[in-house]
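Residue numbers (my numbering): 36 to 120. Please read the structure below before turning to the comments.
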């Protein structure tokens, strides 16, 4: 979680909140991380899951803000998290 907070501090602060995400694989190793680059771009969770690839399956994602559930400019992050396994 500490790494997620560090990533969030470096994320773009406006107009959306700063968000950081880290995926940890089943062995407890960092597998991917991400932040939100701005409006219309993938959210931190999706960037981290893409970075982790297959290593995300069975792992844990740490996010500094609850994953979105609504459809907007990007699909819901909860769908990406569920799909990653």
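Glycine is no exception: its CB is placed at the ideal position from the N, C-alpha and C atoms. Predicted, not measured: the structure shown is a model, and the values here were computed from it.
Let's test the definition: count the other Cβ atoms within 10 Å of the Cβ of residue 52 and tell me whether it reaches 16, buried, or not, exposed. Exposed, since its Cβ has fewer than 16 Cβ neighbours within 10 Å.
Which residues bound the alpha helix (DSSP H) around residue 58? For residue 58, there is no enclosing alpha helix (DSSP H); the residue is found in the beta strand (DSSP E) stretching over 55-59.
Thinking C-beta only, is residue 61 closer than 7 angstroms to residue 96? The criterion of a C-beta distance shorter than 7 angstroms is not satisfied by residue 96 and residue 61.
Three-state secondary structure assigned by DSSP to residue 66: The answer is strand: DSSP assigns residue 66 an E or B state.
By DSSP, does residue 117 sit in helix, in strand, or in coil? Here residue 117 sits in helix by DSSP.
Find the nearest neighbour of residue 102 within the set 38, 64, 117, judged by alpha-carbon distance. Among 38, 64, 117, the Cα nearest to that of residue 102 is on 117.
Run of the beta strand (DSSP E) containing residue 98, from where it starts to where it stops: DSSP places residue 98 in the uninterrupted beta strand (DSSP E) bounded by 95-98.
Simplified DSSP assignment, three categories, for residue 112: If DSSP states are grouped into helix, strand and coil, residue 112 belongs with the helices.
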